[in-house]
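Accompanying notes for the structure given below.
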Amino acid sequence: MDMKKLMLLLPIIFSFAVSLAQYIPNETANIIVQTSDVWGNSIDNANCSAYIFDPDFNLVYSNTLTYRNGFYVSNFTVPEKYGTYLEYVECNVTLYGKPKTIKSAKTFYVSSAFDVIERQLREYVSNVTLNVSVSVTGNITEAVEKAQEDIVGLLLALHSTPETGTYCINDTARMVIKTATWHINDRDYNITKREIEYCEYGCNNVTGECIASPANRTLTLVFIAIGLAVLLFIVWRFVV
Amino acid sequence: MIVKKAVALLILGMIFFASLFYISSLPSYVTGLERFVYEMIPLVIVMFMLYIILY
Numbered sequence: 006m007d008m009k010k011l012m013l014l015l016p017i018i019f020s021f022a023v024s025l026a027q028y029i030p031n032e033t034a035n036i037i038v039q040t041s042d043v044w045g046n047s048i049d050n051a052n053c054s055a056y057i058f059d060p061d062f063n064l065v066y067s068n069t070l071t072y073r074n075g076f077y078v079s080n081f082t083v084p085e086k087y088g089t090y091l092e093y094v095e096c097n098v099t100l101y102g103k104p105k106t107i108k109s110a111k112t113f114y115v116s117s118a119f120d121v122i123e124r125q126l127r128e129y130v131s132n133v134t135l136n137v138s139v140s141v142t143g144n145i146t147e148a149v150e151k152a153q154e155d156i157v158g159l160l161l162a163l164h165s166t167p168e169t170g171t172y173c174i175n176d177t178a179r180m181v182i183k184t185a186t187w188h189i190n191d192r193d194y195n196i197t198k199r200e201i202e203y204c205e206y207g208c209n210n211v212t213g214e215c216i217a218s219p220a221n222r223t224l225t226l227v228f229i230a231i232g233l234a235v236l237l238f239i240v241w242r243f244v245v
Numbered sequence: 004m005i006v007k008k009a010v011a012l013l014i015l016g017m018i019f020f021a022s023l024f025y026i027s028s029l030p031s032y033v034t035g036l037e038r039f040v041y042e043m044i045p046l047v048i049v050m051f052m053l054y055i056i057l058y
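From first to last, the protein sequence lines stand for chains A and B. Add 5 to the 1-based position in the first sequence for my numbering, that's all there is to it. Add 3 to the 1-based position in the second sequence for my numbering, that's all there is to it.
Here it is as structure tokens:
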């Protein structure tokens, strides 16, 4: 076996990168592909084509990639349909006079800005349900990135926000609802936080609040009685 | 003496209305002797006010 044939057996490194794994409809996304041999030298004579399939596996985009500074690139407008898309790239290269086809595939997710924010927020909080609505102006990608930081800050503020609603789920648990509206950087955030709280001594169906422990209730009553007795004694002592 | 009584009645009157408000918002799970004690508070204050007025 001569040296050229031996080299053909060597694998070709084929890296395939996209700038983001999550997109919002109508956003412009990039497909970036790099082809290189085992020594890291980029292959510049490849003929690369990209194909994008929607969640129903219908071909929604196909284009030939352009070679730029060692990378094969193209951009596309993200479709409006939500779901997981398949990004498939096929490159035909000629290596040592022999044609070879290399393929790679990757998935990305398309959803609304609200879904992206909600999904990111769920990584920060647990045991709560969040409804986030955002009015976005300007560049939507930047807005979502900034919104994430803003809303995490708002969530921390929500911990000290009074309850806006509460109701009993059953005898031992209640739902706490906190709502807040925030206006920052020309964006409005309406957040509803729902949190389940365990009530050890039962839940009051009328007020939706946890029933205080019997010990605390007795203590409160004793303090009120003592306070009242002291007050009446003072009035009686100095007036009557 | 009258001024002292007037001040005392004013203070007791405020406590009386505060206790009434507290009872009206008393949770429904407070029952029995516990509720009875709370409801007796304004009555005790009224009795004391009457005592101050009459004597």
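We treat Cβ as the ideally placed atom computed from N, Cα and C, and that holds for glycine.
With respect to the 8 Å criterion, Tyr77 of chain A and Ala51 of chain A are classified as neighbours on the basis of their beta carbons. Annotated three-state conformation of Gly35 of chain B is helix, per DSSP. One thing to note: Glu37 of chain B has its Cβ within 8 Å of the Cβ of Arg222 of chain A.
Per the Cβ contact rule, the segment 66–76 of chain A is not in contact with the segment 107–117 of chain A (fewer than 3 Cβ pairs under 8 Å). DSSP, reduced to helix, strand and coil, places Tyr54 of chain B within a helical segment of the structure shown. Counting only Cβ-Cβ distances below 8 Å, Phe51 of chain B has contacts in chain A at Leu237, Val240 and Trp241, in chain order.
Its chain contains Lys8, Ala11 and Leu12 as the residues whose beta carbon lies nearer than 7 Å to that of Ile55 of chain B, once the 5 sequence neighbours on both sides are disregarded; these appear in chain order. Taken atom to atom, the span from the alpha-carbon of Val65 of chain A to that of Thr40 of chain A is near 24 Å. If you check the CB distance, Pro30 of chain A and Asp59 of chain A do not come in under 8 Å.
Distances from the alpha-carbon of Gly45 of chain A to those of A:Tyr28, A:Ala34 and A:Gly75 put A:Gly75 closest.
DSSP places Met180 of chain A in the strand class (E or B) of the three-state scheme.
Comparing alpha-carbon positions, the option among B:Phe51, B:Val49, B:Ile5 and B:Ile26 lying closest to Phe39 of chain B turns out to be B:Ile26. The beta carbon of Ser54 of chain A is closer than 6 Å to those of Thr69 and Glu95 in its chain, skipping five residues each way along the sequence.
Distance between Pro219 of chain A and Ser31 of chain B, taken at the CA atoms: about 14 Å. For the pair of segments examined, the segment 13–25 of chain B was found not to touch the segment 199–216 of chain A: the number of CB pairs separated by less than 8 Å stays below three. Residues are counted here when their Cβ sits less than 8 Å from a Cβ of chain A; for the segment 14–32 of chain B these are Ile14, Leu15, Ile18, Pro30, Ser31 and Tyr32, given in chain order. Taking every protein chain shown into account, the CB of Ala234 of chain A has fewer than 16 other CB atoms within 10 angstroms, so this residue is exposed. Beta-bridge partners assigned by DSSP to Ser47 of chain A: A:Ser41. With a 10 Å radius around the Cβ and a threshold of 16 neighbouring Cβ atoms, Val227 of chain A comes out exposed.
Listed along chain A are Ile229, Ala230 and Leu233, each with a C-beta nearer than 9 Å to that of Ile44 of chain B. Chain B has no Cβ within less than 8 Å of the Cβ of Val181 of chain A. Distances from the alpha-carbon of Met180 of chain A to those of A:Glu200, A:Ser79 and A:Asn195 put A:Glu200 closest.
What Ile216 of chain A touches in chain B, judged by beta-carbon distance under 8 Å, is Pro30 and Tyr32, going in chain order. Measuring C-alpha to C-alpha distances from Met50 of chain B to each of A:Leu237, A:Arg242 and A:Val244 identifies A:Leu237 as the nearest.
The Cβ neighbour count for Lys183 of chain A, taken over all protein chains shown within 10 Å, is at least 16; the residue is labelled buried. DSSP places Ile5 of chain B within a helical segment (H, G or I) once states are collapsed to three. Listed along chain A, no residue sits closer than 7 Å to Ile56 of chain B by beta-carbon distance, the nearest being about 11 Å off.
Linking Ile14 of chain B to Ile196 of chain A through their CA atoms gives a straight-line distance of about 45 Å. Counting every other CB atom within 10 Å of its CB across the protein chains shown gives Ser67 of chain A a total below 16, marking it as exposed. In the DSSP assignment, Gly232 of chain A falls outside any beta strand (DSSP E) and lies within the alpha helix (DSSP H) extending over Pro219 to Val244. Chain B places a beta carbon closer than 8 Å to that of Thr212 of chain A, counting this residue as a contact.
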